[in-house]
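Q:
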Amino acid sequence: MRAIGRRLAAAAAGGLICLAAVSAGPWPGTRPLPAQERIDLSSVQGAQEYRTDEPTAPGFLGSDAAVLGRSLARINKALGTSLRPDGRLARLARWVYERRGPANAMPPQDAFDVLTHRLGLVEPLPHLLMMQAPDAPRLANIVSAHLAKVFDLAGYTHIGGVAEMEVHGVVVVIALSRRHIQMGPVPRSLSGPGRITLEGRVADGYGRPELAHTLPGGETRMESLGRGAAFNVAVSLEEIGRHRLEITAQGREGPDVLANFPVFVGVPADDTAEAAVLPRRAARPDEARERLFDLITAERSRARLDPLVLDPELDEVAARHSQDMSANGFVGHVSPTTGTAEQRLLRAGIVTDLAAENVAKGYAIDEIHKGFMDSPGHRAAILLPGATHVGIGIVPKRENDRTTYFATELFIRRIPPLGTDAKTVFLRELNGLREPAGASALEEDPILTKLAEATALEFLGDHALSQNDVLERLTRRLGQADLKVHSATVVFSVLGSLEDGAKQAAGDPRVDKARRVGIGLAQGTRPGLVPNSIVLVVIFAE
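For the sequence shown, the residue numbers in numbering that gives the first Met the number 0 are 0 to 541.
#1: Count the other C-beta atoms from every protein chain shown that fall within 10 angstroms of the C-beta of G160, then say buried if there are 16 or more, exposed otherwise.
#2: First and last residue of the alpha helix (DSSP H) that includes E541?
#3: With distance defined between alpha-carbon atoms, name the residue in P254, L307, D293 nearest to T339.
#4: Given H462, which residues of its chain have a CB within under 7 Å of its CB, disregarding the five upstream and five downstream residues?
#5: Using only the heavy atoms of the ligand ADP, determine whether one of them is closer than 6 Å to the beta carbon of S496.
#6: Counting only the same chain and skipping the five closest in sequence on each side, list residues whose C-beta sits under 8 Å from that of R346.
#7: For A229, which residues does DSSP report across the bridge?
#8: Could you check which residue in V510, F539, K502 has the C-alpha nearest to that of V516?
#9: May I ask you to list the residues that DSSP assigns as paired with I414?
#10: Does Q249 pass the burial test, meaning 16 or more other C-beta atoms within 10 Å, or should it be called exposed?
#11: Would you kindly report the start and end of the unbroken beta strand (DSSP E) that includes S548?
#12: Under three-state DSSP, which class holds V534?
#13: Given a threshold of 16 other Cβ atoms within 10 Å of its Cβ, counted over all protein chains shown, does G28 qualify as buried or as exposed?
#14: Taking only the alpha-carbon atoms, compute the straight-line gap between D134 and A92 and give it to the nearest angstrom.
#15: Please classify I533 as buried or exposed, where buried requires at least 16 neighbouring CB atoms within 10 angstroms.
#16: Compare the Cα-Cα distances from Y96 to each of E53, M130, L244 and report the closest residue.
#17: What does a CB cutoff of less than 8 Å around D323 pick up in its chain, not counting 5 residues either side in sequence?
#18: I need the DSSP call for S223, collapsed to helix, strand or coil.
#19: Are V113 and L40 closer than 7 Å when you measure CB to CB?
#20: Any idea if S223 is buried or exposed, counting beta-carbon neighbours within 10 angstroms, 16 or more meaning buried?
#21: Cα-Cα, which of D314, A281, G193, Y155 is closest to R397?
#22: Candidates T423, A380, A438, S143: which alpha carbon is nearest R220's?
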C-alpha cells in the first residue's frame, strides 16, 4: 500500500490535516481466497530487523531467473525507470507464486501486510503483478508491457520476482516497491518495554519528515522530525503490545508515507493473517459511501468518540475530487485542476477551523478502510476528536476487468450554536478541570461577567478593533471599576468549542489562586474567523 500524509496550517485557530492512502488492493483479474480463511505465514523466516539497504541475495528466483535479471537493464532503459533488485521482494514473489489459487488467484492484502514486515521491509505495501509468457525469449517484452501499465511507475524504486517454466509457458510474479527513505536498522520486536532509535534521511525531493505512532491501546501520537531531510529520534515503546510507526514527508506532489511498520513489544510478532471479506459484485457509489460511513462510525464508537454527521455539502466536494483523480490519473491532495484540499473547501464556501482529508484508490471498500486504519496518520484523521461532520465521495472505474474505487473522505468541525446555558456549562467544565490540581472552585462575579461580555461582543461587532484594542479597553475599564480585588488576569480565546476554552483557561498557571471569575461569550464571525466562532473572554480575580 502506498500512502500520503499531509499537515497544513489554517487561517483561523486550528489546522487542516490532509491524509491519504492508496491501496494496492486485490489484483486485477484475480479472485480472493475464501472469506475468513486464516493464512499461516510462520514458515517464512522472520527478519530480526527492518532495513532499507538491499540484502546480499538474488533479486530474481526460479528456473528463468537469469532471463529476468538480464532483462532488468533493458526494462529500465525502455521505461525510464531505475528499479533495483531486492532479494526480499523476490522471496515475497516466490511465496505468492507457490500459493496462488485457481486462475492464478492471489492471497489477500492482509497477508502481504504481515509478510512484508516479516521480511524486514518498511515501505508501503508492494505492488504485485502476475503474468505469463509463452517462452523465455519473449519474457522481457511481456514484463515491460505489464510494467508500463502500472499507475505512477516512476515512483517505484525496487523490484523482485520469480519466473518459472511450466507446461504452457513461463509464469512470472513481480513485486515492486517504493523506497524513498534510508534508515539505520530497527528491531522488529523487543522482549519488553524500551526505546528504539529512528535515524536516517528521506530521499531527494522530500523534506519535513514527521512520525505518527499508534500505541497498542489505539492512541496515536504525532511528532515532527525536523524541517530537513535527515532525522534522528528516540522512540519510547513502554506499552506491551503491537506499536505501529509511520514516517511521512512532504514531496513534490504533497505528503507521502515513506515507512509504515509494526514493532512488537513483549508479545510474539504476527505470523498469521485473515483473508478479507470482499463483495461478489461492484458496489454502487451510494452503497460504497454508506459502507465507508458505517466503518468510520464503528471505529469512532470503539474509540468512544462522538459519531459524525454525513454532510451533503462535504459529500459533493469529496465526490468532485474523486472524479478529478479518476479522470486525471492521480491519487493525492494536490490536484492539477483544483489545487489543495483547503482551496477546494473554500471554493465550496466551507470554512472550518479543523479538517482532515483521506484519499485512496483500491479494489474493495473494506480494504481501503483497513489501509487507512493500518496507517497511524490516517487512523488519526478518522478518529479526529473535534470533528463533527464527514463527507465521502466514491467514483468507481473499470480497470483491467475489475472495478477500481477512487475514494475521498473529508472530516471537518462545524461549530454549533451556543445554548442558553453556555456560561453555566463552561464554568462547570472549568471547575472540573481545576479540581484535580487542587485549585479552588470559582464563583461567577456579575461585575466581571458584565465587563467580559462587553469585550467579547465588542470584538465581534467592531471589525476595526483588533484583539489588542479590545484588551486595552478592558484593562482601562478594570482600572476604573470598583472591584476590590488584589489582581485580575484576562484570558482571551477564539475557539470552536467550550471544552477547548475550558482546557485553555484551566491550563494558565497565572489563575491557580483565583477565586472569582467573569465569563464573556459571543458567537458569530468576522474577517479571519470561521462561521459560528466562539469568542471567550474570562476574567480571573483573586
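Where a beta carbon is used, it is the ideal one built from N, C-alpha and C, also for glycine.
A: So, from the listed chains and residues:
#1: Counting of Cβ neighbours within 10 angstroms places G160 among the buried residues, the total reaching 16 or more.
#2: Note, E541: premise wrong, no alpha helix (DSSP H); not H, not E.
#3: The shortest Cα separation from T339 among P254, L307, D293 belongs to P254.
#4: Counting only Cβ-Cβ distances below 7 Å, and skipping sequence neighbours, we find R525, P526.
#5: Because no ligand of any kind appears in the structure shown, any question about the ligand ADP cannot be addressed here.
#6: Taken in chain order, the residues that qualify are T337.
#7: Note: A229 sits in a beta bridge opposite R200.
#8: From the listed residues V510, F539, K502, the smallest Cα separation to V516 is found for F539.
#9: DSSP output for I414 lists no bridge partner at all.
#10: Looking at its Cβ environment, which holds 16 or more other Cβ atoms inside 10 Å, Q249 is buried.
#11: Lying before the first or after the last residue shown, residue 548 is absent from the chain, which here runs from 0 to 541.
#12: When DSSP states are grouped into helix, strand and coil, V534 belongs to the strand group.
#13: Unreliable placement is indicated for G28, whose pLDDT of 34 sits below 50; no coordinate value is reported for it.
#14: If I take the Cα positions, the gap works out to 20 Å.
#15: Counting Cβ neighbours within 10 Å, I533 comes out buried, since at least 16 surround it.
#16: It is M130.
#17: S334, T336, T337.
#18: In this structure, S223 counts as strand in the three-state DSSP scheme.
#19: Yes, they are a contact pair.
#20: Under this definition S223 is an exposed residue.
#21: Minimum Cα distance to R397 is reached at A281.
#22: Between R220 and the set T423, A380, A438, S143, the nearest pair of CA atoms involves A380.
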